[in-house]
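Below is one structure, written out as structure tokens; comments come after it.
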Amino acid sequence: MPAIELKRTTNFRLPMAILGASLAADESTLLTGCMDGVYLSSVEAGTSTRVAQHSSYVSGVAWLPDQSHYLSAGYDGQMQWFDTATNKATRQQQIHEFWSWDMAVSPDGRLIASVTGQYLAGGYRYEPQPEREPSVVVLDAASGEILWKLPHVPSVQAVCFSPDSRYVAAGNLMGEVRIWDCNDGSLRSSWSTDEFTSWGIIKSHCYLGGIFAMRFTPDGQHLLLAGMGPMHDPMAGNGKQLWQKWAWQQEQPDKVAQINKDDGGEGLMEALAIHPQKPIFAMGGRLRGGDWNAALFDLNSGERLATLKTGYRVTGLQFSADGNRLIVTGTQGQPKPSREGSWEPFGRVEFYELG
Amino acid sequence: MTTSSTSHHRDCGSPEHTWHRRLILQGIPAAGLAATSSFAGLFSVPALAEETRRQGKKCILLWLCGAPSQFETWDPKPGTPTSGPFSAIQTILPGVQVSQLMPKSAGIMDKLAVIRSMKTEPSEHFQGIDALTRGDTPRPPFTRPILGSVVAQQLGQLDSPVPQFVLLDPCPEGNEFKAFKAGNWAGWLGAEYGPVRAGGEYSIPNLLRPATISELEHQDRESLRRFLSRKFENDQRSEAAAGYNAAFARVQGLMSCAPLFDLDTLPEADRRRYGGGAFSQHALQARHLIENGSTFVMVANGMPWDNHVYQHEMHQMLVPELDNVIFQLLTDLEERGMLDDTLVIAMGEFGRTPWLNEARGRDHYPNAWSMMLAGGGIRGGVVYGATDPMGIDVAENEVDQRRLFATIFTALGIDPHAEYDIPDLPTFFHVEKSAEPIAELLV
């Protein structure tokens, strides 16, 4: 596949870090979940309005496919539903005792999944304690009814639905993936990869890292995982930028591909997006070492097709419906306040055209 | 000093305590017979309890190396841009909140003293560790002794077989802390006041007498070694031989106390209560060592608090562990009647920035940070000092490392303004510049 040129067309900021984002179907409005609340932004004008808050960071946002409502989930363990016409909250529901690390809406719009879990010291080597609450919750998107409470090992940091909305997958700190059938809540597959997790040797004798983003491929046969390779000192944040592609439906799930050795620099990757038409996916995160922190890859060959060096940590990636644009959201470091006590905005939004 | 059930303790079996047994059996038979099953039991004998009290106070330093965030511990700023993702909870002290990650400490705040107005100079680890463990910045070529060495020298018993200053730290690495650990801890006090290091991979090897050597043979060998070495030391006026003799004496003491360093000998219920992590387990071991004769135990675990990345992911685990350790330690010490004599300190070398960096971390911040003291000599239920609304600077009652050390020394009954009496040493005091202790924190 030929290399792809990425040309920035839109660039604006939000007051604080963006942790989740979702473009409306008409592509005029960007919904973002930020450290300080839920925002709606006019893509054309680059103006933003805060429409709601959680009592902590907002970690995930999504539109329901019919665009009638949008959702937010936060580090307060709460999920909120909003009427798109009025921007008023129509439901607030406590779904976790701890954070919602990540949330997803099924492609058919019927289901919502959210994942949680606090990493607590379990053993002498800081193995995680067993979960104190169900780590994966699947809800009915319309009623908010909790359909399934599914077990995992905390902290569970990434979740996604299969393209046919039948399966939900969740990945955790320890690099363990579990996939359940949403029809009956049965566990369909599970495996572990230790290539996303670090046990600290240098500074800290504990586990850090894990899977931070995951997406099914359009045929549903494979699961993409993103994160960072293991480090001696997890707090250096200098693990290899990493994606892996797993064939999950066979009895023994198999890693069929991963980022080419020479393609990855250093830094935690925490965003994935699949192109709606072409066999392309995007991965992004933080640049710790190397020359890119967001890139496009060939879904079949794994070849790297384009790179971006955004100058900020990428927390969200999305393709437009026609596949012609890549929406990149994220955050710079929080600046020091001015003498007057004001803060320069540090949430970042960029749109790129795919040449 | 009183203690609770003997099932919590084990006799380390040292000769000193054999001597105690003889004393008890000869002089105080009624109490002695009941008391010989454990170290703790010995202290239930009034004469020995008085002797123990006379020996002075003890100290456990929970060394939070790498520097914890004040926002996620003692000085939360809910609703501000610097707050981080965790909320604040009310403590039992009216109007005082701590991080939601510290519910157990919130419930015993009447026993704790928190300083929220630490303001120090070093912003890098090595210098920060140096200043906050020694109480002052360096003045080469002189090396100020670390807090544990001073306390061991002032309050400890050099002739005790139980190490007076113990460092429990299972992490062999630790970046700057590793470099610091390789340095001179006891400074001008001399190596005998340095720590015995144990924990994890630092389990002290070869402390158990091989089964092939009987106790009698072991004693005979040691007597012969001691006789020959002393003779050589005297005949040759050899300082090296004296050093070897001191080292052998220390090893002999350690051998007699080997069970104190074996985590597996601690009651399973206690181990579960403290929590599974290495830091928790060694905090329990610290209590055990203090109960059995150590004077200063420093508990560390590498440098885990240095969260330039994964700040929230790490603090969600580290702070609850610390919270539980503080609760269990203070509860145990109180139940054993030891809290009034045992100072517990929890601190790192500085704090963390109010602002988050791009890597979801907080960086080094000495300008305004927090720490905790409790127990021996410290007034509980006090929150001293304050920071401004976003925690960017100290708003009242600034405290530097000298005032902190003056407070610690005073709480332990050590004169902070006393001069070190060491030949050929320039004038140095326990605390320089006449820094005054914080009266509000002292009993």
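As they're listed, the protein sequences go chains A and B.
For what it's worth, my numbering labels the leading residue of the first sequence as 1, then goes sequentially.
For what it's worth, my numbering labels the leading residue of the second sequence as 1001, then goes sequentially.
Note that the Cβ used here is the ideal one computed from N, Cα and C, for glycine as well.
Asked                                                                                                                             : Found
Contacts around A/L356, its chain only, beta-carbon distance under 8 Å, and the 5 residues preceding and following it disregarded : The requested residue 356 of chain A does not occur in the structure, where chain A is confined to residues 1 to 355.
Contact residues within the region 1306-1318 of chain B, judged by C-beta distance below 9 Å to chain A                           : D1306, N1307, H1308, V1309, Y1310, H1312, E1313, M1314, Q1316, M1317 and L1318
Under 8 Å between C-beta atoms of B/H1308 and B/S1123                                                                             : no
Chain B contact for A/I4 (CB, 8 Å cutoff)                                                                                         : no
Within-8 Å CB hit, B/N1367 to chain A                                                                                             : no
Secondary structure of A/F196, DSSP reduced to three states                                                                       : helix
CB of A/G229 within 8 Å of CB of A/F212, strictly                                                                                 : no
Reference B/I1290, options B/P1078, B/K1111, B/S1160 and B/G1095, closest by Cα                                                   : B/S1160
Local Cβ density within 10 Å of A/T86, reported as buried at 16 or more and exposed below that                                    : exposed
Chain B contact residues for A/M16, given Cβ-Cβ distances below 8 Å                                                               : P1081
CB contact flag (B/Q1164, B/F1296, <8 Å)                                                                                          : yes
Contact with chain B by A/L223, beta-carbon distance below 8 Å                                                                    : no
Exposure of A/G330, with buried meaning 16 or more beta-carbon neighbours within 10 Å                                             : buried
Three-way DSSP call (helix, strand, coil) for B/T1080 in this model                                                               : coil
Residues that DSSP places opposite A/K149 in a beta bridge                                                                        : A/V137
Residue from B/E1419, B/R1134, B/D1415 and B/Q1316 with nearest C-alpha to B/W1063                                                : B/R1134
B/G1183 at chain A interface by Cβ criterion, 8 Å                                                                                 : no
Sheet register partners of A/R13 (DSSP bridge)                                                                                    : A/R348
Sequence-distant residues of the same chain with beta carbon closer than 7 Å to A/K7, five excluded per side                      : Y352, E353 and G355
Test: B/A1278 CB closer than 8 Å to a CB of chain A                                                                               : yes
Presumed contact (8 Å Cβ cut-off) between A/G177 and A/L224, rounded CB distance                                                  : The residue asked about is misnamed: residue 177 of chain A is Val in this sequence, not Gly. That belief does not hold up - the Cβ atoms of A/V177 and A/L224 are roughly 11 Å apart, past 8 Å.
Short CB-CB distance (under 8 Å) between B/P1170 and chain A                                                                      : yes
Where A/L111 sits in the DSSP three-state scheme                                                                                  : strand
Any chain A beta carbon closer than 8 Å to B/E1173                                                                                : yes
Three-state secondary structure (DSSP) of B/E1313                                                                                 : helix
Cα-Cα separation, B/G1183 to A/E131                                                                                               : 42 Å
Beta strand (DSSP E) segment containing A/Q80, residue limits                                                                     : Q78 to D83
6 Å CB neighbourhood of B/I1146 in its chain, flanking five on each side removed                                                  : T1133, R1134 and W1185
Residues near B/N1106 in its chain [Cβ-Cβ closer than 6 Å; skip 5 each side]                                                      : Note on residue identity: the sequence assigns Ala, not Asn, to residue 1106 of chain B. Cβ neighbours of B/A1106 beyond the five flanking positions: I1089, T1091 and V1098.
Outcome for A/G341 when other beta-carbon atoms lying within 10 angstroms are tallied against a minimum of 16                     : exposed
Between the CA atoms of A/P151 and A/H96 - distance to the nearest angstrom                                                       : 13 Å
Cβ shell of B/A1030 (< 6 Å), same chain only, five flanking positions each side left out                                          : With a pLDDT of only 29 at B/A1030, under the threshold of 50, the placement of this residue in the model should not be trusted, and no figure is reported.
Selected residue, minimal CA-CA separation from B/K1058, among B/S1083, B/T1342 and B/A1269                                       : B/T1342
Own chain, CB closer than 8 Å to B/R1379, minus 5 neighbours either side, in chain order                                          : A1113, E1440, L1441, L1442 and V1443
B/L1373, DSSP secondary structure in three states                                                                                 : strand
Cβ-Cβ distance between B/G1276 and A/G302 below 8 Å                                                                               : no
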